[in-house]
C-alpha cells in the first residue's frame, strides 16, 4: 500500500532638465534584516484537513514592516513607491569585489527592458542607485540612457559635472520625496531601485516597495556582498520564467509583488478565519497589480489560459456535441505552467479546490464508487453515476453510483476484469501508479514513465470514457515535470479543474520521490467552449488575475 503525504502564496509632455539637482541629506532610514529560509516546493495533505504550501520560515520583528504602504493609491506622505531590480544568489549574494560575479546577457536584457518600459511615451522611468553602483557603471554607459539616474551620496565632494538626466540626493527618503514632487511627478512613470548593497538592504522590504524583479541565480557562486531576504509573508510570485542556463549558470527571472501590508495580516488570517475550500493567502490587501510594467503584468501564467479561451471563442470551429448544446472548438492546443514557486489555481474564477483534492485522492485509491465522493460533499460525478444516466448508456445492470473501470481503476488495476465497485481488486491487474513511482526513483531517464487511463477494451464498461487520457513524467535537475494529454477539454468548467488536479498530482509524486515540482504541460486535442458558456467566459476575460497561491491552507 502506498501512503502519500504532501507537505506544503491628461498627459503633459515634459523634458527632464539636464542639470544636477542636489537634495539635502535627511535622517537615515534603514529596515532591520528579516531572517528567512528560501522557500521549497513541497505540498501537504493531512487526515483532518488539507494543507498545500510552499514552505517559508519568516520570523518578522514588530515594527519592521510599517503598514502605510500605498501601492499606487493616494498617500498622505508625498513619497513615491518603487520597485526593486536585483540579481542575487539563493543566499542573497549580489556581488564580489565590487563587481557582478556572473555574466548573464539575458539578465542584462531583462534589466534594460524592465527599467525602460513605459506605457506613456512622453514619460520615462527613474533608477535610484548608490554612489558606488554609479561609479561601477562604465563611463561610456553612464548615465544609463533613457532613464533619470538618481544617485544617492552623502559625500559633499561628489561631483558629476553637468550630466544630463542625473539627480543627486542625500538619502533614499529625500529621493522618493523629490520624485513625488513637481516636475518629476509629471515626467517620471515608475521608479526602480537598482543597487548597491546598502541601498538594497534599506529598500527591499520597505513599505514603499511594490514589487521585486529578481534574477534568481540557482548556481552556487561566491559573493562578499549580501542583502536581506525577501519577506515572503508580504510578497508573492507574480511570474517566474522557466529556468535559463547561460555560461553554465542556471537562473530564473522572477517578479514578486506586495500582496499585503505586513505579516500581521497573514497571522490574523491563520488565527481567525477558516473557511471551507478557500485559500487564506488568496485574500490580499492589494487588489490591483497595474503598477507592474506592462510586459511583466502580461507574463502572469493565467493569461496563458485566458488567451486560449479568447482564441477558441474568436476563432473556434462550430461543432455539434453529444449534449446538443454545441461548441466552438480548436484542435491541438498546449499550455505550460511553472510549478517551482506557485500553484496554477486560477484567480479570475472560483475553482473547487476541495473537490480537486478529494477527487484526486479518490483516483489514487483506485475507487470507482461515486458515493464515496458524495459522502464528502463532492458531487462532480453525480450526473454520470445516476440511475437514469447509467440506464441511458446501456449499463442498467450496474448499481447506482458505480462508474465502472474509470481513471482510478486503470491507474491501479489496468487489465484486471471489472466486476463492480465493491469487489476487492488487491493484487489484480497492473499498478501503473506504483510503476511510475518506481521508475522515477530507480530509472529517472526512462522514456516510458506513463500513466494511462485509456483502455480500449474497457471503454464500453465506463460511465464516461476518460477525457484526460494519459500523463508522461520527466525527471531533470532534481525536478519532476508532467505532460498530460486530454482528448476533450471544456475550457470553461473542466480545464481549470484539470490543471489544478494534474499539477497537484505532479507535486505529490515529486514529494514521494524526493524531487521538486518542475513543469506541468497540458496538451489538448479538442479544446472547446460551449455556446452557453461564451458570455460568462467573456466576462471572465475582463478580470485581472492575481498572484497564484504559494502558501495556503484549506480545511
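In UniProt numbering, the protein residues as written are 1 to 555.
All residues carry an ideal CB built from backbone N, CA and C; glycine is no exception.
- For residue 127, the closest of 298, 83 and 361 by C-alpha to C-alpha distance is 83.
- The beta carbon of residue 176 lies closer than 6 Å to those of 79 and 80 in the same chain, with the five residues before and after it left out.
- Within its own chain, the residues whose Cβ lies closer than 8 Å to the Cβ of residue 478, once the five positions on either side in sequence are excluded, are 515 and 516, listed in chain order.
- DSSP places residue 325 in the coil class of the three-state scheme, outside both helix and strand.
- 239 is the residue among 461, 528, 334 and 239 whose C-alpha sits nearest the C-alpha of residue 545.
- With a cutoff of 9 Å on beta-carbon distance, residue 484 and residue 309 are scored as not near each other.
- In the structure shown, residue 185 adopts helical secondary structure according to DSSP, grouped into three states.
- Secondary structure note for residue 437: its alpha helix (DSSP H) is the uninterrupted segment 432-442.
- Among the bridge pairs identified by DSSP, residue 319 is matched with 327.
- Between the alpha carbons of residue 444 and residue 99 lies a distance of about 39 Å.
- Assignment of beta-bridge partners to residue 450 by DSSP yields 472.
- Residue 256 sits away from residue 217, with the two beta carbons spaced by 9 Å or more.
- Contact annotation: residue 482 and residue 519 have beta-carbon atoms nearer than 9 Å.
- Boundaries of the beta strand (DSSP E) around residue 524: 516-530.
- Rounded to the nearest whole angstrom, the C-alpha separation of residue 361 and residue 389 is 25 Å.
- Residue 541 and residue 306 have their C-alpha atoms some 6 Å from each other.
- For residue 499 against residue 344, the beta-carbon gap comes to about 5 Å, under 8 Å, which counts as contact.
- Contact annotation: the region 333-341 does not touch the region 354-373, with fewer than three C-beta pairs closer than 8 Å.
- The C-alpha of residue 181 lies about 16 Å from the C-alpha of residue 171.
- Spatial neighbours of residue 471 in its own chain (CB-CB distance under 6 Å, excluding positions within 5 residues in sequence) are listed in chain order as 451, 482 and 484.
- The straight-line gap separating the alpha-carbon atoms of residue 115 and residue 314 is approximately 34 Å.
- For the options 140, 143, 132 and 165, the alpha carbon positioned closest to that of residue 154 is the one of 132.
- By the neighbour-count definition (other C-beta atoms within 10 Å, threshold 16), residue 190 is a buried residue.
- Under the three-state reduction of DSSP output, residue 246 falls in the strand class.
- The shortest C-alpha to C-alpha distance from residue 381 to any of 463, 316 and 312 is the one to 463.
- Taking a C-beta distance under 9 Å as the contact criterion, residue 210 and residue 291 qualify as a contact pair.
- Around the C-beta of residue 89, 16 or more other C-beta atoms lie within 10 Å, and the residue is accordingly described as buried.
- Looking at 480, 533, 409 and 526, the one whose alpha-carbon comes closest to that of residue 507 is 480.
- Boundaries of the beta strand (DSSP E) around residue 125: 124-130.
- The DSSP assignment places complete alpha helix (DSSP H) segments of no fewer than 4 residues inside the region 191-239 at 197-203, in order along the chain.
- The beta carbon of residue 489 lies closer than 6 Å to those of 495, 524 and 527 in the same chain, with the five residues before and after it left out.
- A Cβ-Cβ contact shorter than 9 Å links residue 232 with residue 550.
- Within the same chain, and ignoring the five residues on either side of residue 461 in sequence, the residues whose Cβ sits closer than 7 Å to its Cβ are 404, 405 and 418.
- In this model, residue 321 and residue 436 are separated by some 34 Å (Cα to Cα).
- Between residue 152 and residue 168, the C-beta spacing is below 9 Å.
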